[in-house]
Amino acid sequence: MNPFSSKYTLLLSLCVMNGLTFSTDTLTFDTVFTTIGSTTSKVMVYNKQNKAVKIDMVHLAGGASSPFRINVDGAKDALHQFQDIKLNARDSLFVFVEVHINPNDENMPVLVQDSIMFNVDGKKKRVLLEAYGQDVELVRSMIIHQDTTLNAGKPYLVYDSITVEPDVTLTLAAGTRIYYRNNAAMIVYGNLRADGSWEQPIYMQGDRLDKINYDHPIPYKYVAGQWGGVFLLAKNGHHVLNHIDISSGTVGVYFYNEDKNATPYLEINNSRMHNFLLYNLVVVNGNVLVT
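The sequence shown begins at 231 in this note's numbering and counts up one residue at a time.
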């Protein structure tokens, strides 16, 4: 007797109901920024029989108040309820799912859950939906006029740019996380100091926290070209980057000085710059120390 046969049979039965087979029993979203919404995922329902099956109802258990939204084969309903769906023999059904989570005033991600309910001939099938909602500080065209520190806690989501004016220092505290929308960037005409640590590194990356759907899904953190980069442009700038992880943009750190009579300084310690479309680090006319 195969000791695993009963477990296999149980697992298979969880995905089958009245001849219908489901692609999953649990649909999990990667961390979703509150107020922003997720990408679209899906649950597939297959009818592998040689006869049609009538699905009496597909609906969200949480109804209209659910943070999740579904549509069935492209059809939408304000209450997320769909009735009398005929699934032909050897055919399949798409149930598309999105999630939109309201701010929760928490620094750490908060779990939200619901279920898609399938009713067929008096029997019910549940597909669990779950996602983590992360509050963020939204940044739109931020111009820093005086010495400023960005702290850990809620991550920052940059829509356009963070610009540091001349003779001003921007400090990033240990544990700071900055996510950038498409083409967003940090532009420094003053000084940048990143005070990360081994226990609390500083992260900068694109704002996609899910995975790209290759045959073997890859986190978007490793997909280049999602945002601009960090541009250090002060002719007398003094920049120190400690324990910082920068990824997934067009350029990592672009350290540029067009004044040949000036020598800005950049120090990079215990840091990673990886998965950029063009360059991880560009240095033009400046002193650099990397350890």
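All residues carry an ideal CB built from backbone N, CA and C; glycine is no exception. Predicted model only: the values in this text are computed from it and were never measured.
Kindly indicate the opening and closing residues of the beta strand (DSSP E) around residue i.
{"i": "L380", "result": "378–380"}
{"i": "A424", "result": "421–425"}
{"i": "V350", "result": "340–350"}
{"i": "D286", "result": "283–290"}
{"i": "A361", "result": "353–364"}
{"i": "D397", "result": "Careful: D397 lies outside any beta strand (DSSP E) and carries neither H nor E."}
{"i": "L387", "result": "386–388"}
{"i": "R407", "result": "407–410"}
Measure the beta-carbon distance from residue i to residue j and round it to whole angstroms, keeping in mind my assumption that it falls under 8 Å.
{"i": "G482", "j": "V460", "result": "7 Å"}
{"i": "I417", "j": "P385", "result": "About 20 Å separates the two Cβ atoms, so there is no contact after all."}
{"i": "A382", "j": "A404", "result": "6 Å"}
{"i": "N472", "j": "N499", "result": "5 Å"}
Check whether the Cβ atoms of residue i and residue j sit closer than 9 Å, and answer yes or no.
{"i": "G426", "j": "T406", "result": "yes"}
{"i": "Y486", "j": "L511", "result": "no"}
{"i": "G363", "j": "N337", "result": "no"}
{"i": "R411", "j": "V394", "result": "no"}
{"i": "T493", "j": "N517", "result": "yes"}
{"i": "V369", "j": "V325", "result": "no"}
{"i": "L309", "j": "G293", "result": "yes"}
{"i": "L496", "j": "V513", "result": "yes"}
{"i": "D440", "j": "F259", "result": "yes"}
{"i": "R458", "j": "N413", "result": "For the sequence presented, residue 458 should be read as Gly rather than Arg. Closer than 9 Å, so yes."}
Tell me whether residue i sits in a helix, a strand or coil according to DSSP, three-state version.
{"i": "A454", "result": "coil"}
{"i": "S271", "result": "strand"}
{"i": "A415", "result": "strand"}
{"i": "S253", "result": "coil"}
{"i": "S295", "result": "helix"}
{"i": "I266", "result": "coil"}
{"i": "L241", "result": "Because the pLDDT of L241 is 41, which lies under 50, any placement of that residue in the model is unreliable, and the number read from its coordinates should be weighed accordingly. Looking at L241 - three-state DSSP - the assignment turns out to be helix."}
{"i": "F326", "result": "strand"}
{"i": "D307", "result": "coil"}
{"i": "S371", "result": "coil"}
{"i": "L507", "result": "coil"}
{"i": "E429", "result": "coil"}
{"i": "N482", "result": "Here the sequence assigns Gly to residue 482, which means Asn is not the residue at that position. G482: strand per DSSP, three-state reduction."}
{"i": "V518", "result": "strand"}
{"i": "D489", "result": "coil"}
{"i": "D335", "result": "coil"}
{"i": "N277", "result": "strand"}
DSSP puts residue i in a beta bridge; with which residues?
{"i": "P449", "result": "K441"}
{"i": "T258", "result": "E360"}
{"i": "G459", "result": "A415"}
{"i": "R502", "result": "D475"}
{"i": "G436", "result": "Y410"}
{"i": "N301", "result": "F326"}
{"i": "K465", "result": "Partner(s): none; K465 has no beta bridge."}
Taking 8 Å as the cut-off, is the CB of residue i close to at least one heavy atom of the ligand GTP?
{"i": "A361", "result": "In terms of ligand content, the structure shown is empty, and the ligand GTP therefore cannot be addressed."}
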